[in-house]
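First residue of the sequence shown? That's 1478 in this note's numbering, and the numbers climb one at a time after it.
For each residue, glycine too, the CB sits at the ideal point set by N, CA and C.
Nothing here was measured: the structure is a model prediction, and the numbers come from that model.
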Amino acid sequence: MSLNSDIRIVILGKTGTGKSETGNSILGKPEEFKTSPGGKFRTKTCQRKETKRFERTILITDTPGLQDSNNQNLAIRTEIQKSIGKANQWPNAFLLCIKMGRFTAEDETLLNECLNCFGKDMFEFTIVVFTHLDIWEANMENAGSNPDKDEYMESLPRFALEFVKKSRNKMFLNNRKTGEDMDFQVQSLVKMIVSMNIENSGEFYTDKMLQNVLRRAQLQRFMNYFSRGNILNFVLAAGNVLLTCKYMYGRK
1478 MSLNSDIRIV ILGKTGTGKS ETGNSILGKP EEFKTSPGGK FRTKTCQRKE
1528 TKRFERTILI TDTPGLQDSN NQNLAIRTEI QKSIGKANQW PNAFLLCIKM
1578 GRFTAEDETL LNECLNCFGK DMFEFTIVVF THLDIWEANM ENAGSNPDKD
1628 EYMESLPRFA LEFVKKSRNK MFLNNRKTGE DMDFQVQSLV KMIVSMNIEN
1678 SGEFYTDKML QNVLRRAQLQ RFMNYFSRGN ILNFVLAAGN VLLTCKYMYG
1728 RK
């Protein structure tokens, strides 16, 4: 893969974190991915859009927002896993969108679900995008506090700091600027993605990496099944089969 070739981005995050807005800003087209205030519109399937910008072809996959429910996340995870390699266009960048503010258990679930979906290989290709910087700054000022971004990053809970560290501290702050300011901000993000690709020697997330994740998940489901005491039922059933075979084929 040429380091000057296309950029293939998968955008991840909870509903309401500005995933679709981030995708639209990169595309330079505000209405490409449907958005709504407060995240009322929920992306249910993966949507792919392509554009030519900054002398590069940029392909973006906007994904359904990961939820609190494990059952919901399993369906969403399956949808994302099925979609990312369509037309053999595997991503060379994951943008994980997290809304600036107080970290919650939901945010920890998000990070874990991303790892469940793509495995530890995703760290090499991930940039954590902190969204709604402008709203966070306004809220801090209204509360009489100094909106210190460095202090905010240092105050992140351990699980978030570990995730960022494993992603080689690749972070980007998105404050939803408009016009030329937005273009400059997007160009900075694209440069960060290109720099990451250079560090990765042009490698990208592959089908083999995903298949390893799927195999591990299948093995984990198998282990969970037997850890719940079902191994006894399995042994009894196997014993019954052996006795039946002995009876059927052992008769003269």
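For the segment 1484-1552, the continuous alpha helix (DSSP H) assignments of 4+ residues that do not extend past its boundaries occur at 1496-1504, in sequence order. Contiguous beta strand (DSSP E) elements confined to the segment 1549-1586 occur at 1570-1576, taking only those with 3 or more residues. In summary, Asn-1569 is buried, with 16 or more beta-carbon neighbours lying within 10 Å of its beta-carbon over all protein chains present. Remark: C-beta atoms of Ser-1482 and Val-1663 do not approach each other more closely than 7 Å. Cβ atoms of Arg-1645 and Cys-1594 stay farther apart than 8 Å, at about 20 Å. Taking the Cα positions, Leu-1696 is about 27 Å away from Thr-1522. Residue pairing by DSSP places Leu-1650 opposite Phe-1607 in a beta bridge. In the three-state reduction of the DSSP assignment, Asn-1593 falls in the helix class. Secondary structure of Ser-1632 (DSSP, three-state): coil. For Arg-1692, the secondary structure class from DSSP, reduced to helix, strand or coil, is helix.
Per DSSP, reduced to three states, the secondary structure at Asp-1658 is helical. Taking a C-beta distance under 7 Å as the contact criterion, Thr-1608 and Gly-1495 qualify as a contact pair. Under the three-state reduction of DSSP output, Ala-1620 falls in the coil class, being neither helix nor strand. With fewer than 16 other Cβ atoms from the protein chains shown falling within 10 Å of its own Cβ, Asn-1565 counts as exposed. If you draw a straight line from the Cα of Leu-1543 to the Cα of Leu-1489, it is about 8 Å long. Of the candidates Glu-1618, Leu-1504, Asp-1598 and Lys-1526, Asp-1598 places its Cα closest to the Cα of Asn-1689. Contact between the segment 1631-1645 and the segment 1576-1586 is present: three or more C-beta pairs spanning the two stretches fall below 8 Å.
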